[in-house]
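Below is one structure, written out as structure tokens; comments come after it.
In the working numbering, the protein residues as written are 122 to 233.
Here it is as structure tokens:
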């Protein structure tokens with residue numbers, strides 16, 4: 122998926138020494154933030170934890186079912202890049218983190 126791929130490539134570029142002021146890095150971070158899911162989908166019925174909508178999806182046109190693995194990859198990528206709007210990035214990151222944490226299973230693992 123483009124979300125998964127963009128998150129992984131962004132982390133790889135930063136870890137490989139691509140400078141944080143490279144416009145491709147900033148553009149990737151901005152793009153990832155635009156892909157955050159901000160409305161409640163079916164997940165709200167399966168999860169008893171009340172949490173603000175967030176998360177990222179794997180599929181191209183899926184706007185209803187964010188998942189924890191794509192969300193985790195995006196969160197890792199967002200922490201590796203600078204942004205022109207740090208507050209926006211930090212708020213996006215925190216929403217995603219809270220959303221992901223709400224999906225911990227009773228046995229301690231994560232899944233949906």
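For every residue, glycine included, the Cβ atom is placed at its ideal position computed from N, Cα and C.
Sub-8 Å separation of residue i and residue j beta-carbons
i           : j           : result
residue 220 : residue 195 : no
residue 210 : residue 199 : yes
residue 123 : residue 181 : yes
residue 201 : residue 127 : no
residue 159 : residue 146 : no
Residue closest to residue i, alpha-carbon to alpha-carbon, out of the options
i           : options       : result
residue 162 : 175, 151, 150 : 175
residue 179 : 156, 217, 172 : 156
residue 153 : 214, 227, 228 : 214
Own chain partners of residue i with C-beta closer than 7 Å, once the 5 adjacent residues on each side are dropped
i           : result
residue 193 : 221
residue 129 : 194
Whole-Å CB distance - residue i paired with residue j, under 8 Å assumed
i           : j           : result
residue 191 : residue 125 : 6 Å
residue 168 : residue 224 : 6 Å
Cut-off 6 Å between Cβ atoms - residues of its own chain near residue i, not counting five sequence neighbours on either side
i           : result
residue 151 : none
Sequence-distant residues of the same chain with beta carbon closer than 8 Å to residue i, five excluded per side
i           : result
residue 188 : 176, 177, 178, 179, 233
- prompt: At what residue ranges does the stretch 164-203 contain a whole run of the alpha helix (DSSP H), taking only runs of 4 or more?
  reply: 164-167, 189-199
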